[in-house]
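Novice: Heads up, the final residue of the sequence shown is numbered 2051 in this note's numbering, and it's a clean run with no missing numbers. Where is the CB? At the ideal position from N, CA and C, for every residue including glycine. Because the structure is a prediction, the values reported are computed rather than measured. Can you read through this structure? Questions will come right after.
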Amino acid sequence: MTLIVETIPTTIFDDQKPGTSGLRKKVKVFTQVNYTENFIQCVLAANGSSLKGSTLIVGGDGRYYCKEAIAIIIRICAANGVCKLLVGQNGILSTPAVSGLIRHHKALGGIVLTASHNPGGPDNDFGIKFNCENGGPAPDTVTNHIYQLTNAIKDYKIVKDLQVDITKVGIHTYTIDNQQEFVVEIIDSVENYVKCMKEIFDFVKLRKFLSGETTGKPLRILIDSMNGVTGPYVREIFLNCLSALEDGVVHTRPLPDFGGLHPDPNLTYAKDLVQTVANGEYDIGAAFDGDGDRNMIVGYKAFFVTPSDSLAVIAHHLGCIPYFQKHGIQGFARSMPTAAAIDLVGQKLGREVFEVPTGWKYFGNLMDAGYLCLCGEESFGTGSNHIREKDGIWAVLAWLSIMQDTGLSVEDILKQHWSTYGRNYFTRYDYEECELQSCNDMMAYLEKTICDLSFVGREFTAEGKSYKVKMADNFSYTDPIDKSVAIKQGIRVLFEDGSRIIIRLSGTGSTGGTVRLYIDSYEKDNILGQASIMLKPLINVALEISRLPQFTGRSAPTVIT
């Protein structure tokens, strides 16, 4: 069969602006005629002349519409001069795995099909994200260029008759327009990632630790893949490599609708895991999101580890991980809303700590320049410079390494950490799918409020506790490497006692507006209090300042973490 490139006329869709992590919409939006084709054509076109003869990685979290989208991507790549695609078997590749494959194969980039922690299924969400040659999410300059192209597109190129079986590992070679060779290699989804983890961690020690060979008592773990992409990775690493018990892993089959689960690893949506671990039969529990880049850690009887604390603890103990013994420890970084616990570790260890906007793409330049080796976000994302994405399984292996090295439980590791550094009490309130205009009105009101010269120095009181405003702004960031600027990244109100209130609109939802309210309060000595009680006064102050209930009509958040 002769495979011919066809040029298909199309019309513009005006809603294809990528958010924090790519383009996310409902499935019914992506399945409109030419909608996915338009966006993929623009993603490819944004790479300019680099596209000719290039290699790209393609895969996703297995959610509904992934396989159909991959078929479209293959046909459009064939028509646009891409030389080779590496596609995960059955379309399955975790986001960390894609990043690793891009770096390993020195590919031009990767197309990741995921809406991350958003629910899946025909009535829910789908997403497409482009990762650049460093393995990280495309920066604003690239996504802005893609968006500009979507508003000017007139046609796309496609090889309509190209059919590739992605269910079997193998290499397929085609000739396009009787001249161009096009290769599609279907690869084992987990092989490269597992090899990478074995190079970072001491699997021999971890296997002995989990089996009880070194302690006399097997470590009871419960890992929940939430029917997302990590299932095959979890089974290979924890069952086959580390000899964990079969009942220690659950929901390991990737499903198009995640089996009805909401694949967001937090106390609300991973409640089954939390309740099971709370019974006292497990020493550590962990859950991952749909595409495998987020993680949640709980200890014995479901002792919860906030992502901010998890990042700080890992930073303190990096020296016990072979990868950092070999490559050294550089600086650290956190997203602006993340509690400042890691800042204290950086001060103690003499390492610089960077504060960046929300979005993993902002860590990439710093890593590429050798400025940092560990970073994280309060939204359950943790990662190191082995790739340019957050990495859920990596974070759990890091925690197991710390437990093995210290001989302590999750709870005792945290209490030891707090006794050394003090404690950042932290919570996040999410108000999901609010009316977007009301959210924008609230942010405009807040900006006007904090810009009033009389705002700094004002004192707010709630529950008998007073807070005096030290500083307030709408956070902006200048990248120290390329000098690019990101503005209006979230309203910050900082108080004289070190407490903080952060309010921002999320860029990861697909419908309406999501308001995120972050509360962070530091205590040097009172480290064993109940977070909900310790933070209640500041939460009330935040609601008073923002007038959030009045603007959104919400009396309570959708999710509390």
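(1) Using alpha carbons as the reference points, say which of Asn1528, Lys1955, Ile1903 lies closest to Thr1640.
(2) On the DSSP bridge list, what partners appear for Met1961?
(3) I'd like to know whether the C-beta atoms of Ile1804 and Thr1872 end up nearer to each other than 9 Å.
(4) Is the beta carbon of Gly2003 less than 9 Å from the beta carbon of Cys1924?
(5) State yes or no: is the C-beta of Gly1738 within less than 9 Å of the C-beta of Tyr1772?
(6) Expressed to the nearest angstrom, what Euclidean distance is found between the alpha-carbon atoms of Val1602 and Ala1823?
(7) Measure the C-alpha to C-alpha separation of Asn2016 and Asp1799 and round it to an integer number of angstroms.
(8) Which residues in the same chain as Tyr1790 place their Cβ atom closer than 6 Å to its Cβ, once the five residues preceding and following it in sequence are excluded?
(9) Find the nearest neighbour of Tyr1723 within the set Ser1584, Gly1749, Tyr1813, judged by alpha-carbon distance.
(10) Looking only at its chain, what residues have a beta carbon closer than 7 Å to the beta carbon of Pro1708, apart from the 5 residues adjacent to it on each side?
(11) Quick check: the segment 1569 to 1581 against the segment 1536 to 1553, are at least 3 beta-carbon pairs closer than 8 Å?
(12) Can you list, in chain order, the residues of its chain with a C-beta nearer than 6 Å to that of Cys1686? Leave out the 5 residues immediately preceding and following it.
(13) Please list the segments of the alpha helix (DSSP H) lying wholly inside the segment 1585 to 1639, counting only runs of 4 or more residues, in order along the chain.
(14) Have a look at Asn1769, Phe1945, Leu1757 and flag the residue whose alpha-carbon is nearest the alpha-carbon of Val2049.
(15) Please give the ranges of any beta strand (DSSP E) in the segment 1883 to 1955, keeping only runs that are unbroken, at least 3 residues long and fully inside the region.
(16) Looking at the secondary structure, which residues open and close the beta strand (DSSP E) in which Gly1578 lies?
(17) Can you tell me whether Asn1621 is buried or exposed? The criterion is at least 16 other CB atoms within 10 Å of its CB, across all chains shown.
(18) I need the DSSP call for Met1826, collapsed to helix, strand or coil.
(19) Excluding sequence positions up to five away, which residues of its chain have a Cβ less than 6 Å from the Cβ of Ile1677?
(20) Locate the beta strand (DSSP E) running through Ser2011, then write down its first and last residues.
(21) With distance defined between alpha-carbon atoms, name the residue in Asp1972, Tyr1759, Val1959, Trp1908 nearest to Gly1854.
(22) CB Phe1916 to CB Ala1760, shorter than 9 Å?
(23) Is the beta carbon of Val1572 less than 9 Å from the beta carbon of Ser1544?
(24) Let's see if you can read the secondary structure: which residues bound the alpha helix (DSSP H) around Leu1763?
(25) Below 8 Å, can you find three or more Cβ-Cβ pairs linking the segment 1859 to 1870 to the segment 1725 to 1742?
(26) In whole angstroms, give me the CA-to-CA distance for Cys1556 and Cys1731.
(27) Tell me whether Ala1776 is buried or exposed, calling it buried when 16 or more other Cβ atoms sit within 10 Å of its Cβ.
(28) Whole-angstrom Cβ separation of Asp1942 and Phe2041, contact assumed at under 8 Å?
(29) Mind the definition here: the segment 1889 to 1903 touches the segment 1970 to 1986 only if three or more C-beta pairs lie below 8 Å; say whether that holds.
(30) Would you please state the rounded distance, in angstroms, between the beta carbons of Arg1565 and Val1674? I believe it to be under 8 Å.
(31) Just checking, does the segment 1883 to 1891 make contact with the segment 1593 to 1608 on the three C-beta pairs under 8 Å criterion?
(32) If contacts are defined as beta-carbon pairs under 8 Å, then Gly1912 and Lys2026 qualify, I think. What distance do you get, rounded to the angstrom?
Specialist: In this structure, then:
(1) Residue Asn1528 is the option with its Cα nearest to Thr1640.
(2) Looking at the DSSP assignment, Met1961 forms a beta bridge with Leu1984.
(3) If you check the CB distance, Ile1804 and Thr1872 come in under 9 Å.
(4) Contact flag set, yes.
(5) In this structure, Gly1738 lies near Tyr1772, with their beta-carbon atoms less than 9 Å apart.
(6) Going from the Cα of Val1602 to the Cα of Ala1823 covers about 24 Å.
(7) Using only the alpha carbons, I get a separation of about 16 Å.
(8) Correct list, in chain order: Asp1773, Ser1899.
(9) Closest in alpha carbon position to Tyr1723, among Ser1584, Gly1749, Tyr1813, is Ser1584.
(10) Beyond the five residues adjoining it in sequence on each side, Pro1708 comes within less than 7 Å, by CB distance, of Leu1700, Ser1701, Gly1702 in the same chain, given in chain order.
(11) Yes, the segment 1536 to 1553 touches the segment 1569 to 1581.
(12) For Cys1686, the CB contacts under 6 Å within the same chain, skipping 5 residues up- and downstream, are Gly1590 in chain order.
(13) Within the segment 1585 to 1639, the complete alpha helix (DSSP H) runs of at least 4 residues are 1585 to 1595.
(14) Minimum Cα distance to Val2049 is reached at Leu1757.
(15) 1913 to 1924, 1949 to 1952, all fully within the segment 1883 to 1955.
(16) Start and end: 1574 to 1582.
(17) That one is buried.
(18) In the displayed model, Met1826 falls within coil according to three-state DSSP, outside both helix and strand.
(19) Same-chain partners within the cutoff: Leu1576.
(20) Here the beta strand (DSSP E) through Ser2011 covers 2003 to 2013.
(21) Between Gly1854 and the set Asp1972, Tyr1759, Val1959, Trp1908, the nearest pair of CA atoms involves Asp1972.
(22) Contact: no.
(23) In this structure, Val1572 lies near Ser1544, with their beta-carbon atoms less than 9 Å apart.
(24) Counting along the chain, the alpha helix (DSSP H) containing Leu1763 begins and ends at 1761 to 1768.
(25) No: the two stretches stay apart, fewer than three of their Cβ pairs being nearer than 8 Å.
(26) So the two alpha carbons sit approximately 29 Å from each other.
(27) It is buried - the Cβ of Ala1776 has at least 16 other Cβ atoms within 10 Å.
(28) The C-beta separation of Asp1942 from Phe2041 comes to about 18 Å, leaving the pair out of contact by the 8 Å criterion.
(29) In short, these stretches do not touch, since the Cβ pair count stays below three.
(30) Rounded, the Cβ-Cβ distance is 10 Å, inconsistent with contact.
(31) Counting Cβ pairs under 8 Å, fewer than three are found: no touch.
(32) In fact, because the Cβ distance is near 20 Å, the residues do not count as touching under 8 Å.
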